[in-house]
Amino acid sequence: MKGYRVKETNIALPHTAKRLLNIIQQKGEIRRIKFKRVLLSDYRCYSQFIENSHKNQGNLNDYKNLPADYLLAAQQGDIDKVKTCLALGVDINTCDRQGKTAITLASLYQQYACVQALIDAGADINKQDQICSNPFLISCLTGDLTLLRIILPAKPDLNCVTRFGGVGLTPACEKGHLNIVKELLAHTEINVNQTNHVGWTPLLEAIVLNDGGIKQQAIVQLLLEHGASPHMTDKYGKTPLELARERGFEEIAQLLIAAGA
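If you read the sequence shown in numbering that gives the first Met the number 0, its first letter stands for residue 0, the second for the next number, and so on.
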(Lines of atoms letter the chains of each structure in order from A and count residues from 1; the text may use other names and numbers.)
(Lines give C-alpha, C1' and ligand atoms only; values in the text may rest on other atoms or scores of the structure.)
Protein backbone atom coordinates (compact mmCIF):
# COMPACT_ATOMS: atom_id res chain seq x y z
CA MET A 1 0.00 0.00 0.00
CA LYS A 2 1.34 3.44 -0.89
CA GLY A 3 2.35 6.00 1.70
CA TYR A 4 -0.24 8.64 2.60
CA ARG A 5 0.28 12.30 3.48
CA VAL A 6 -1.82 13.83 6.27
CA LYS A 7 -1.78 17.58 6.87
CA GLU A 8 -1.62 19.17 10.29
CA THR A 9 -4.97 20.17 11.79
CA ASN A 10 -6.23 21.98 14.85
CA ILE A 11 -9.59 20.23 14.64
CA ALA A 12 -10.60 18.37 17.79
CA LEU A 13 -10.41 14.63 17.16
CA PRO A 14 -11.19 11.58 19.28
CA HIS A 15 -8.32 10.21 21.38
CA THR A 16 -7.42 7.31 19.08
CA ALA A 17 -7.42 9.57 16.04
CA LYS A 18 -4.95 11.83 17.80
CA ARG A 19 -2.71 8.84 18.44
CA LEU A 20 -2.69 8.06 14.75
CA LEU A 21 -1.92 11.64 13.74
CA ASN A 22 0.85 11.85 16.33
CA ILE A 23 2.49 8.87 14.65
CA ILE A 24 2.24 10.54 11.26
CA GLN A 25 3.21 14.08 12.35
CA GLN A 26 6.59 14.44 14.06
CA LYS A 27 7.84 17.76 15.48
CA GLY A 28 5.32 19.72 13.43
CA GLU A 29 6.63 18.33 10.15
CA ILE A 30 4.57 16.48 7.53
CA ARG A 31 6.03 13.05 6.92
CA ARG A 32 5.05 10.01 4.90
CA ILE A 33 4.17 6.78 6.59
CA LYS A 34 3.06 3.43 5.28
CA PHE A 35 -0.04 1.88 6.75
CA LYS A 36 1.87 -1.28 7.59
CA ARG A 37 3.97 0.76 10.04
CA VAL A 38 0.92 1.97 11.93
CA LEU A 39 -0.21 -0.05 14.90
CA LEU A 40 -2.73 -2.54 13.61
CA SER A 41 -5.39 -1.51 16.13
CA ASP A 42 -5.12 2.13 15.05
CA TYR A 43 -5.18 1.14 11.39
CA ARG A 44 -8.34 -0.90 11.84
CA CYS A 45 -10.06 1.91 13.71
CA TYR A 46 -9.02 4.75 11.45
CA SER A 47 -8.21 3.44 7.99
CA GLN A 48 -11.60 4.79 6.98
CA PHE A 49 -10.72 8.05 8.71
CA ILE A 50 -7.94 8.50 6.17
CA GLU A 51 -9.59 6.87 3.16
CA ASN A 52 -12.88 8.80 3.38
CA SER A 53 -15.28 5.98 4.16
CA HIS A 54 -18.76 5.58 2.81
CA LYS A 55 -20.03 6.58 6.22
CA ASN A 56 -18.47 10.01 5.61
CA GLN A 57 -16.85 10.14 9.05
CA GLY A 58 -13.26 9.92 8.07
CA ASN A 59 -12.21 12.75 5.82
CA LEU A 60 -10.56 15.75 7.42
CA ASN A 61 -12.76 18.00 5.29
CA ASP A 62 -15.78 16.50 7.01
CA TYR A 63 -14.32 17.60 10.33
CA LYS A 64 -13.89 21.12 8.98
CA ASN A 65 -17.58 21.19 8.05
CA LEU A 66 -18.75 19.87 11.40
CA PRO A 67 -19.30 23.27 13.08
CA ALA A 68 -21.65 24.41 10.31
CA ASP A 69 -23.40 21.03 10.31
CA TYR A 70 -23.75 21.23 14.08
CA LEU A 71 -25.31 24.71 14.03
CA LEU A 72 -27.74 23.73 11.28
CA ALA A 73 -28.71 20.59 13.18
CA ALA A 74 -29.49 22.68 16.27
CA GLN A 75 -31.56 25.10 14.20
CA GLN A 76 -33.52 22.18 12.74
CA GLY A 77 -33.85 20.37 16.06
CA ASP A 78 -31.91 17.31 14.90
CA ILE A 79 -30.77 16.13 18.32
CA ASP A 80 -29.10 12.95 17.08
CA LYS A 81 -26.92 14.92 14.68
CA VAL A 82 -26.14 17.49 17.36
CA LYS A 83 -24.95 14.70 19.66
CA THR A 84 -22.92 13.11 16.86
CA CYS A 85 -21.16 16.41 16.13
CA LEU A 86 -20.38 16.89 19.80
CA ALA A 87 -19.02 13.34 20.04
CA LEU A 88 -16.71 14.12 17.12
CA GLY A 89 -15.24 17.07 18.98
CA VAL A 90 -17.21 20.16 17.95
CA ASP A 91 -17.05 23.01 20.47
CA ILE A 92 -20.51 23.09 22.04
CA ASN A 93 -20.39 26.91 22.11
CA THR A 94 -19.15 27.48 18.57
CA CYS A 95 -21.07 30.24 16.80
CA ASP A 96 -21.98 31.48 13.34
CA ARG A 97 -20.90 34.79 11.77
CA GLN A 98 -23.54 36.65 13.76
CA GLY A 99 -22.25 35.18 17.00
CA LYS A 100 -25.22 32.85 17.47
CA THR A 101 -24.47 29.61 19.27
CA ALA A 102 -26.31 26.35 18.71
CA ILE A 103 -28.48 26.88 21.77
CA THR A 104 -29.36 30.40 20.62
CA LEU A 105 -30.37 29.10 17.19
CA ALA A 106 -32.42 26.31 18.74
CA SER A 107 -34.12 28.90 20.95
CA LEU A 108 -34.92 31.21 18.04
CA TYR A 109 -36.46 28.35 16.07
CA GLN A 110 -38.37 26.97 19.08
CA GLN A 111 -36.54 23.65 19.04
CA TYR A 112 -37.28 23.10 22.70
CA ALA A 113 -36.07 19.51 23.00
CA CYS A 114 -32.79 20.52 21.40
CA VAL A 115 -32.46 23.47 23.78
CA GLN A 116 -32.86 21.09 26.72
CA ALA A 117 -30.40 18.60 25.23
CA LEU A 118 -27.79 21.35 24.80
CA ILE A 119 -28.33 22.55 28.37
CA ASP A 120 -27.84 18.98 29.59
CA ALA A 121 -24.64 18.77 27.52
CA GLY A 122 -23.24 21.92 29.17
CA ALA A 123 -23.91 24.68 26.62
CA ASP A 124 -23.29 28.26 27.74
CA ILE A 125 -26.78 29.74 28.05
CA ASN A 126 -25.51 33.26 28.72
CA LYS A 127 -23.32 33.79 25.66
CA GLN A 128 -24.71 36.70 23.63
CA ASP A 129 -24.59 37.24 19.89
CA GLN A 130 -23.77 40.44 18.01
CA ILE A 131 -27.16 41.96 18.86
CA CYS A 132 -26.91 40.84 22.49
CA SER A 133 -29.43 38.00 22.19
CA ASN A 134 -29.21 34.80 24.17
CA PRO A 135 -31.81 32.14 25.05
CA PHE A 136 -33.07 33.92 28.17
CA LEU A 137 -33.43 37.31 26.48
CA ILE A 138 -35.04 35.71 23.43
CA SER A 139 -37.73 34.18 25.64
CA CYS A 140 -38.44 37.57 27.21
CA LEU A 141 -38.41 39.51 23.93
CA THR A 142 -40.66 37.09 22.06
CA GLY A 143 -42.97 36.12 24.91
CA ASP A 144 -41.93 32.47 24.68
CA LEU A 145 -43.04 31.07 28.03
CA THR A 146 -42.14 27.49 27.09
CA LEU A 147 -38.56 28.53 26.36
CA LEU A 148 -38.35 30.61 29.54
CA ARG A 149 -39.43 27.64 31.64
CA ILE A 150 -36.70 25.52 30.06
CA ILE A 151 -34.05 28.19 30.61
CA LEU A 152 -34.84 29.30 34.18
CA PRO A 153 -33.88 26.00 35.89
CA ALA A 154 -30.45 26.34 34.24
CA LYS A 155 -29.97 29.58 36.21
CA PRO A 156 -29.34 32.17 33.46
CA ASP A 157 -27.57 35.42 34.26
CA LEU A 158 -30.50 37.76 34.97
CA ASN A 159 -28.20 40.77 34.60
CA CYS A 160 -27.58 40.15 30.89
CA VAL A 161 -29.00 43.13 29.01
CA THR A 162 -30.43 43.70 25.56
CA ARG A 163 -28.77 46.00 23.04
CA PHE A 164 -30.87 48.79 24.55
CA GLY A 165 -29.54 48.07 28.03
CA GLY A 166 -32.62 46.52 29.58
CA VAL A 167 -32.79 43.27 31.53
CA GLY A 168 -35.17 40.59 30.29
CA LEU A 169 -38.05 42.05 32.31
CA THR A 170 -37.82 45.39 30.47
CA PRO A 171 -38.82 44.30 26.93
CA ALA A 172 -41.37 41.88 28.39
CA CYS A 173 -43.09 44.83 30.09
CA GLU A 174 -42.81 47.01 27.01
CA LYS A 175 -44.33 44.41 24.70
CA GLY A 176 -47.11 43.35 27.05
CA HIS A 177 -45.88 39.80 27.64
CA LEU A 178 -47.90 39.38 30.83
CA ASN A 179 -47.14 35.66 31.29
CA ILE A 180 -43.40 36.33 31.02
CA VAL A 181 -43.62 39.15 33.55
CA LYS A 182 -45.55 36.91 35.97
CA GLU A 183 -43.01 34.09 35.59
CA LEU A 184 -40.01 36.36 36.14
CA LEU A 185 -41.47 38.11 39.16
CA ALA A 186 -42.67 34.86 40.74
CA HIS A 187 -39.54 32.77 40.21
CA THR A 188 -36.53 35.10 39.98
CA GLU A 189 -34.93 38.04 41.75
CA ILE A 190 -34.62 40.09 38.57
CA ASN A 191 -34.04 43.81 39.10
CA VAL A 192 -37.42 45.54 38.75
CA ASN A 193 -35.86 49.01 38.88
CA GLN A 194 -33.02 48.54 36.38
CA THR A 195 -32.55 51.54 34.09
CA ASN A 196 -31.76 51.02 30.40
CA HIS A 197 -29.71 53.15 28.00
CA VAL A 198 -32.54 55.66 27.48
CA GLY A 199 -33.23 56.04 31.19
CA TRP A 200 -36.36 53.91 31.45
CA THR A 201 -37.21 51.30 34.06
CA PRO A 202 -39.50 48.35 33.29
CA LEU A 203 -42.35 50.35 34.86
CA LEU A 204 -41.71 53.36 32.64
CA GLU A 205 -41.54 51.17 29.54
CA ALA A 206 -44.81 49.49 30.48
CA ILE A 207 -46.42 52.93 30.54
CA VAL A 208 -44.70 54.79 27.72
CA LEU A 209 -44.36 52.12 25.02
CA ASN A 210 -47.77 50.47 25.02
CA ASP A 211 -51.49 51.26 24.95
CA GLY A 212 -52.38 51.44 28.63
CA GLY A 213 -54.90 48.62 28.21
CA ILE A 214 -55.92 45.84 30.59
CA LYS A 215 -52.75 43.82 30.01
CA GLN A 216 -50.52 46.83 30.68
CA GLN A 217 -52.51 47.69 33.78
CA ALA A 218 -51.91 44.16 35.08
CA ILE A 219 -48.19 44.47 34.36
CA VAL A 220 -47.97 47.81 36.17
CA GLN A 221 -49.79 46.32 39.17
CA LEU A 222 -47.43 43.33 39.27
CA LEU A 223 -44.36 45.56 39.06
CA LEU A 224 -45.58 47.75 41.91
CA GLU A 225 -46.37 44.69 44.04
CA HIS A 226 -42.83 43.39 43.49
CA GLY A 227 -40.99 46.55 44.45
CA ALA A 228 -40.97 48.76 41.36
CA SER A 229 -40.56 52.38 42.43
CA PRO A 230 -43.37 54.76 41.39
CA HIS A 231 -40.97 57.65 41.96
CA MET A 232 -38.11 56.86 39.56
CA THR A 233 -38.14 59.39 36.74
CA ASP A 234 -37.04 59.29 33.12
CA LYS A 235 -34.02 61.26 31.93
CA TYR A 236 -36.19 64.37 31.62
CA GLY A 237 -37.35 64.17 35.22
CA LYS A 238 -40.88 62.98 34.50
CA THR A 239 -42.46 60.53 36.92
CA PRO A 240 -44.49 57.46 35.96
CA LEU A 241 -47.64 59.25 37.13
CA GLU A 242 -46.96 62.26 34.91
CA LEU A 243 -46.27 60.06 31.91
CA ALA A 244 -49.43 58.01 32.49
CA ARG A 245 -51.59 61.13 32.70
CA GLU A 246 -49.98 62.66 29.61
CA ARG A 247 -51.14 59.61 27.68
CA GLY A 248 -54.60 59.49 29.20
CA PHE A 249 -53.96 56.23 31.06
CA GLU A 250 -56.14 57.05 34.06
CA GLU A 251 -56.41 53.45 35.28
CA ILE A 252 -52.63 53.20 35.44
CA ALA A 253 -52.47 56.61 37.12
CA GLN A 254 -54.77 55.35 39.87
CA LEU A 255 -52.59 52.28 40.39
CA LEU A 256 -49.56 54.54 40.79
CA ILE A 257 -51.36 56.82 43.24
CA ALA A 258 -52.41 53.80 45.31
CA ALA A 259 -48.73 52.79 45.43
CA GLY A 260 -47.74 56.18 46.84
CA ALA A 261 -46.95 58.20 43.72
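Note that the Cβ used here is the ideal one computed from N, Cα and C, for glycine as well.
Original post:
Can you give, in chain order, each stretch of the alpha helix (DSSP H) that sits fully within the stretch 82-109 and has at least 4 residues?
Top reply: 101-107
**OP:** Starting from the C-beta of Y69, find all residues in its chain whose C-beta is less than 8 Å away, skip the five residues before and the five after it, and write them out in chain order.
**Re:** Taking the first residue of the sequence shown as 1, we reach residue 69 at position 70. If we look at Y69 and ignore the five residues flanking it on each side, its Cβ neighbours are K80, V81, C84, L85, V89, T93 and A101.
Original post:
What is the rounded straight-line gap between the Cα of D210 and the Cα of Q115?
Top reply: Counted from its first residue, the sequence shown places residue 210 at position 211. Counted from its first residue, the sequence shown places residue 115 at position 116. C-alpha separation (whole angstroms): 35 Å.
Original post:
In terms of alpha-carbon separation, which member of A185, T187, G165 and I213 lies closest to E204?
Top reply: Counting from 1 along the sequence shown, the entry for residue 204 is found at position 205. Ranking A185, T187, G165 and I213 by Cα distance to E204 puts G165 first.
Original post:
Considering only the beta carbon of each residue, do L221 and L184 sit closer than 7 Å?
Top reply: The residue labelled residue 221 in the question sits at position 222 within the sequence shown. The residue labelled residue 184 in the question sits at position 185 within the sequence shown. Going by C-beta atoms, L221 is nearer than 7 Å to L184.
Subject >> Alpha-carbon spacing of L240 relative to I218, whole angstroms >> reply: Here residue 240 is taken as the residue at index 241 of the sequence shown, counted from 1. Here residue 218 is taken as the residue at index 219 of the sequence shown, counted from 1. If I take the Cα positions, the gap works out to 15 Å.
Original post:
Just the Cα atoms here: how many angstroms apart are A243 and K174?
Top reply: Within the sequence shown, the letter at position 244 stands for residue 243. Within the sequence shown, the letter at position 175 stands for residue 174. A243 and K174: Cα-Cα distance of roughly 16 Å.
Original post:
Can you tell me whether DSSP reads F135 as helix, strand or coil?
Top reply: For the purposes of this step, residue 135 is identified with residue 136 of the sequence shown, where counting begins at 1. Here F135 sits in helix by DSSP.
Original post:
Around the C-beta of K99, are 16 or more other C-beta atoms found within 10 angstroms, so that it is buried, or is it exposed?
Top reply: For this step, residue 99 is matched to residue 100 along the sequence shown. K99 comes out buried.
Subject >> G259 versus S106 - alpha carbon distance >> reply: Along the sequence shown, one-based indexing puts residue 259 at 260. Along the sequence shown, one-based indexing puts residue 106 at 107. Cα-Cα distance, rounded: 40 Å.
Original post:
On the three-state DSSP scale, how would you describe P66?
Top reply: Walking along the sequence shown from the start, residue 66 turns up at place 67. Note: P66 maps to helix in three-state DSSP.
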